[in-house]
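>
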């Protein structure tokens with residue numbers, strides 16, 4: 171029953187691999203296809219968020235401009251932040267989790283293929299829902315942190331904030347489902363011999379990130395529920411008029427928000443911990459230390475949230491605690507940076523585009539880390555709070571850290587995905603326009619910030635004398651925008667007619683490189699046995715593994731059924747949440763019925779072909 | 098759901114990962130746990146009403162209800178009989194949640210007393 | 042040969058590294074997530090404990106004895122749940138259904154008692170918007186009740202499945218996982234009972 175090797179009467183002649191129609195994508199539960207859909211969707215949203223950023227930069231190019239109204243400006247920066255974090259950085263990382271993790275651990279799919287599809291569709295619908303707000307002229311406008319009391323009905327009477335809290339709640343469901351899925355996959359579905367301490371670092375960081383997802387997202391989920399009740403049902407959680415405390419929102423938001431920062435950055439750390447050794451032809455320096463540092467970052471990340479709130483006035487004891495905790499978390503992060511450098515030290519380095527992005531990350535992220543240490547100190551923080559200095563800081567860590575790591579992963583794993591290299595010449599153009607555009611945009615913001623330019627305000631006074639910094643930033647932003655176009659052009663061109671790539675184009679050590687590029691839809695004809703951390707770097711072990719992974723199976727492994735229920739359930743969940751906006755009890759309860767209906771369909775639909 | 102759940106019973110015995118083949122406890126054992134839980138609940142309510150214990154009421158009640166939680170998790174939810182990794186998964190959530198409640202209580206109810 | 046054997050080992054509807062089924066491990070991860078979900082709700086109740094600026098206040102309206110009864114009912118529903126699982130493992134269809142029915146009944150009794158309490162509190166003037174106490178109390182306990190309702194629907198589905206012989210002993214994990222959910226909901230109430238009702 172559970173075995174591929176034992177007698178199975180019906181040989182599956184039909185391969186899903188050949189199915190490429192639209193319906194096969196809608197009903198797919200294949201982690202590789204879901205990964206591609208995640209990536210494409212996140213890239214589209216990357217352009218949406220980037221376009222918003224360019225509009226912001228045009229408005230800020232000169233002081234006291236009025237190209238964009240203050241109201242539209244509020245919507246633009248709110249949606250830029252919300253989009254880039256929840257619809258770009260997170261799902262882009264999830265695209266890599268999806269594609270790479272099952273291949274790295276030697277599994278045929280994730281633990282719950284249908285739930286995986288559900289996550290994707292919820293993400294897609296949630297993203298569309300959030301952006302649909304533009305078309306009714308009510309895009310969220312209270313910034314991505316949505317502080318009370320600004321978000322309460324008295325101050326935000328429109329539907330803008332409703333779109334925001336409902337949209338984020340929908341996306342949260344996708345994240346929790348995804349987190350549960352990857353925890354189960356990584357703990358439960360490793361190939362024989364793939365002990366925890368033999369797992370590639372990317373898989374490790376996916377595991378830590380998944381734990382952060384399932385623990386941090388519920389906190390913002392409940393905070394959003396409170397906000398929704400305050401807005402729609404007259405509760406007083408954050409309403410001072412009824413005795414509520416607006417600062418409580420800040421606590422809840424940042425209890426989620428700080429682990430969220432590590433949700434964004436740890437996948438990138440995982441990527442470059444795999445890429446740097448591959449292009450240094452050396453095992454990762456201090457593997458266990460890098461693993462433990464990652465776990466430690468995830469854990470301490472829970473104890474630093476109030477460093478976002480030093481200006482609230484929590485008192486000297488609380489402030490001191492959070493200053494200390496914040497400075498401590500720099501230690502494991504610094505440890506990782508030293509490990510990457512030590513890995514490169516004395517290696518035979520190959521500066522492919524993927525490697526360039528890794529080195530770029532180490533450099534740029536360190537700058538962001540240093541400015542982070544600066545405002546970790548409460549007194550310094552008071553000077554920098556809500557200024558462009560902070561904007562510079564978090565773009566250095568999120569773009570310079572998270573996104574550059576993911577782009578490294580893109581160039582590294584693309585040959586596996588479609589059997590073709592991404593073009594290296596265009597890749598270098600992508601890298602250098604990114605480096606120049608990015609630094610030109612954000613480095614001057616350190617100065618405009620320290621000179622007193624506040625964030626989230628649609629213009630600034632000429633008396634501040636920050637014109638030149640803003641002009642540099644705007645020019646940089648357009649160069650950075652160009653880099654995104656180069657990347658997309660490279661993706662499209664290489665996808666169609668790139669140079670063909672072999673199974674292991676980089677001579678990398680992990681299991682995903684032991685199978686053909688692109689992989690079979692069942693990934694592994696047979697599941698290999700792993701004996702070390704770098705299985706493909708040991709000639710004997712490599713031969714043993716490839717004897718299994720490159721073989722033609724006598725019979726195709728049984729794969730899960732495609733299903734149209736995930737997309738329906740995702741639509742039902744989105745609809746149910748959207749109906750919350752009415753604020754009418756019976757409509758909300760009616761809205762839950764389709765969710766119940768499709769949940770039952772789901773439960774009674776066989777996940778695998780009959781007889782298995 | 099059903100087809101995924103199937104192999105669990107078999108794989109338990111076959112697997113190498115964990116040592117214990119602990120059989121499920123008997124029904125009588127469960128009833129005992131239920132009785133203990135009810136008794137502890139009774140003790141808690143008694144503590145609530147006994148004024149002499151007011152000074153140590155809160156810590157006492159927290160300890161007793163934690164004991165109840167542990168009993169339910171270990172025996173009703175079989176955590177004691179499961180491989181250790183499940184405990185770690187659960188602990189990760191439970192510890193962080195406890196940490197959050199404690200931290201917020203300290204921030205809102207303890208630190209203000211030290212305010213200058 | 043080795044090839045076939047290896048293929049079995051990590052086949053995704055076959056054995057797992059840990060010997061735990063994916064569903065059970067995944068469900069425990071979900072429970073870990075729920076810990077934070079209720080942790081946040083409880084945190085906010087605790088933050089606002091004693092901070093309500095208008096009445097009624099907890100000590101004026103809570104009926105501890107009545108809540109003790111409903112708490113005990115919920116505790117015993119957990120006991121009924123493990124006994125139901127026990128009977129499913131022993132392939133005793135009728136008794137399994139009876140115990141599951143008992144779970145649903147006790148859940149219903151709990152809901153009815155809590156509902157009458159709600160009505161009483163409302164008559165005292167405690168509403169969603171009357172104070173931070175009202176807001177945090179109703180949203181915390183209301184969310185818990187929503188979980189109880191979902192659990193009852195789940196148990197009813199199980200009864201239907203057992204009656205149609207769809208849950209033989211080797212599939213008892215289907216019931217076990219529903220049990221994990223129900224016990225977790227019980228645990229949350231244990232915590233709420235202490236923190237909300239007893240420590241005033």
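Residue numbers (this note's numbering), protein chains in the order written: chain V, 171 to 782; chain L, 98 to 213; chain A, 42 to 241. Where is the CB? At the ideal position from N, CA and C, for every residue including glycine.
Look at residue 239(A) and residue 148(L) and say whether their C-beta atoms are less than 8 Å apart.
Reading the third chain from its first residue, position 198 is the one you call residue 239(A). Reading the second chain from its first residue, position 51 is the one you call residue 148(L). Their beta carbons are not under 8 Å apart, which means residue 239(A) does not touch residue 148(L) by this criterion.
> With a threshold of 8 Å between beta carbons, is residue 165(L) in contact with chain A?
The count along the second chain starts at 1 and reaches residue 165(L) at position 68. It does; some Cβ of chain A falls within 8 Å.
> Pull the bridge partners of residue 557(V) from the DSSP assignment, please.
Locating residue 557(V) in the first chain gives position 387, counting from the first residue. Partner(s): 624(V).
> Identify every run of the beta strand (DSSP E) within the segment 169–227 of chain A, keeping only runs that are complete inside it and at least 3 residues long; order them along the chain.
If we require 3 residues or more, the segment 169–227 of chain A turns out to have no beta strand (DSSP E) run fully inside it.
> Could you tell me which residues DSSP pairs with residue 690(V) in its beta bridges?
As a working mapping, residue 690(V) is identified with position 520 in the first chain. 693(V), per the DSSP bridge assignment.
> Can you have a look at residue 215(A) and say buried or exposed, based on whether 16 or more other CB atoms are within 10 angstroms of its CB?
The residue labelled residue 215(A) in the question sits at position 174 within the third chain. Burial call: buried.
> Can you list, in chain order, the residues of its chain whose CB lies under 8 Å from that of residue 561(V), leaving out five sequence neighbours each side?
One-based indexing of the first chain puts residue 561(V) at position 391. Once the five neighbours on either side are set aside, the close Cβ partners of residue 561(V) are 612, 615, 619, 625.
> Kindly identify the DSSP beta-bridge partner or partners of residue 590(V).
Taking the first residue of the first chain as position 1, residue 590(V) is located at position 420. Answer by DSSP bridge pairing, in chain order: 670(V).
> Please list the terminal residues of the continuous alpha helix (DSSP H) segment that includes residue 3(A).
The structure shown does not extend to residue 3(A), since chain A is modelled only from 42 through 241, so no value can be given for it.
> Chain V partners of residue 182(L), CB-CB under 7 Å?
Locating residue 182(L) in the second chain gives position 85, where the first residue counts as 1. 357, listed in chain order.
> Run through chain L and tell me which residues come within less than 8 Å of residue 421(V), C-beta to C-beta.
Walking along the first chain from the start, residue 421(V) turns up at place 251. 201, 204, listed in chain order.
> How is residue 332(V) classed by DSSP in three states: helix, strand or coil?
Mapped onto the first chain, residue 332(V) falls at position 162. Residue 332(V) falls in the helix class under three-state DSSP.
> If you measure from the beta carbon of residue 118(L) to each beta carbon in chain A, is any gap under 8 Å?
One-based indexing of the second chain puts residue 118(L) at position 21. Model confidence at residue 118(L) stands at a pLDDT of 40, short of 50, so the residue's coordinates are unreliable; what they give is reported in the following sentence. Cβ-Cβ to chain A under 8 Å: no for residue 118(L).
> Apart from the five residues on each side of it in sequence, which residues of its chain come closer than 7 Å, Cβ to Cβ, to residue 435(V)?
On the first chain, residue 435(V) is found 265 positions in, with the first residue counted as 1. Around residue 435(V): 567, 571, 572.
> Locate the alpha helix (DSSP H) running through residue 163(L), then write down its first and last residues.
Here residue 163(L) refers to the residue found at position 66 when the second chain is read from its first residue. Run containing residue 163(L): 154–168, per the alpha helix (DSSP H) assignment.
> Whose C-beta lies closer than 8 Å to the C-beta of residue 312(V) among residues of the same chain, with five residues either side of it excluded?
On the first chain, residue 312(V) is found 142 positions in, with the first residue counted as 1. Taken in chain order, the residues that qualify are 244, 248, 320, 321, 326, 330, 331, 334.
> Considering just the uninterrupted stretch of the alpha helix (DSSP H) at residue 510(V), what are its terminal residues?
Within the first chain, residue 510(V) is the residue found at index 340, counting from 1. Taken as a continuous stretch (DSSP letters only), the alpha helix (DSSP H) holding residue 510(V) covers 486–514.
> Mind pulling the chain V residues with CB within less than 9 Å of residue 178(L)?
Here residue 178(L) refers to the residue found at position 81 of the second chain. The premise fails here: residue 178(L) is roughly 18 Å from chain V at the closest Cβ pair, so nothing lies under 9 Å.
> Classify residue 173(V) as buried or exposed, calling it buried when 16 or more other Cβ atoms lie within 10 Å of its own Cβ.
Residue numbering aside, residue 173(V) sits at position 3 when the first chain is read from its first letter. Because residue 173(V) sits at a pLDDT of 35, beneath the cut-off of 50, its placement in the model cannot be relied upon, and the following sentence gives the value as read from the coordinates. With 16 or more Cβ atoms within 10 Å of its Cβ, residue 173(V) is classed as buried.
> Please state the DSSP three-state secondary structure of residue 130(L).
The residue labelled residue 130(L) in the question sits at position 33 within the second chain. Helix, per DSSP.
> Assign residue 367(V) to buried or exposed, taking buried as 16 or more other Cβ atoms, counted over all protein chains shown, within 10 Å of its Cβ.
Looking up residue 367(V) in the first chain gives position 197. Burial call: exposed.
> Using the beta-carbon count (16 or more within 10 Å), is residue 635(V) buried or exposed?
As a position in the first chain, residue 635(V) is number 465, starting the count at 1. The residue is exposed, with fewer than 16 neighbouring Cβ atoms inside 10 Å.
> Given a cut-off of 8 Å on the beta-carbon distance, is the pair residue 407(V) and residue 423(V) in contact?
As a first step, residue 407(V) must be located in the first chain, where it is residue number 237. As a first step, residue 423(V) must be located in the first chain, where it is residue number 253. No, these two residues do not count as a Cβ contact at 8 Å.
> Would you say residue 208(L) reaches chain A, if we count a Cβ-Cβ gap shorter than 8 Å as a contact?
As a working mapping, residue 208(L) is identified with position 111 in the second chain. For residue 208(L), the answer is no, since every Cβ of chain A falls outside 8 Å of its Cβ.
> Please compile the residues from chain V whose C-beta is within a distance smaller than 7 Å of the C-beta of residue 63(A).
Indexing the third chain from 1 puts residue 63(A) at position 22. Ordered by position in chain V, the residues that pass the 7 Å Cβ test against residue 63(A) are 281, 282, 354, 358.
> My output table needs one value for residue 425(V): the three-state DSSP class, helix, strand or coil.
Locating residue 425(V) in the first chain gives position 255, counting from the first residue. DSSP places residue 425(V) in helix when its eight states are reduced to three.
> Residue 129(A) and residue 196(A) - do their beta-carbons sit closer together than 8 Å?
To locate residue 196(A), count along the third chain from 1; it is residue 155. To locate residue 129(A), count along the third chain from 1; it is residue 88. No.
> Which residue marks the beginning of the alpha helix (DSSP H) containing residue 636(V), and which one marks its end?
Here the question's residue 636(V) lines up with position 466 in the first chain. That residue, residue 636(V), is in no alpha helix (DSSP H); it is neither H nor E in DSSP.
> Pick from 315(V), 591(V), 484(V), 732(V): whose alpha carbon is nearest that of residue 200(L)?
Numbered from its first residue, the second chain carries residue 200(L) at position 103. Of 315(V), 591(V), 484(V), 732(V), the residue nearest in Cα terms is 484(V).
> Does any residue of chain V have a CB that is nearer than 8 Å to the CB of residue 142(A)?
Counting from 1 along the third chain, the entry for residue 142(A) is found at position 101. So, not an interface residue.
> Tell me the residue span of the alpha helix (DSSP H) that contains residue 521(V).
Here the question's residue 521(V) lines up with position 351 in the first chain. It is not in any alpha helix (DSSP H) - residue 521(V) carries neither H nor E in the DSSP assignment.
> Whose C-beta lies closer than 8 Å to the C-beta of residue 598(V) among residues of the same chain, with five residues either side of it excluded?
Counted from its first residue, the first chain places residue 598(V) at position 428. 523, 526, listed in sequence order.
> Within 8 Å, do at least three Cβ pairs link the segment 266–277 of chain V to the segment 670–690 of chain V?
Because the criterion of three Cβ pairs below 8 Å is met, the segment 670–690 of chain V and the segment 266–277 of chain V touch.
> Around the C-beta of residue 162(A), are 16 or more other C-beta atoms found within 10 angstroms, so that it is buried, or is it exposed?
By one-based count along the third chain, residue 162(A) stands at place 121. Buried: at least 16 other Cβ atoms inside 10 Å.
> Under 9 Å between beta-carbons, which chain L residues line up against residue 192(A)? List them in chain order, please.
Start at 1 with the first residue of the third chain, and residue 192(A) comes out as number 151. None at all; the shortest Cβ gap to chain L is about 14 Å.
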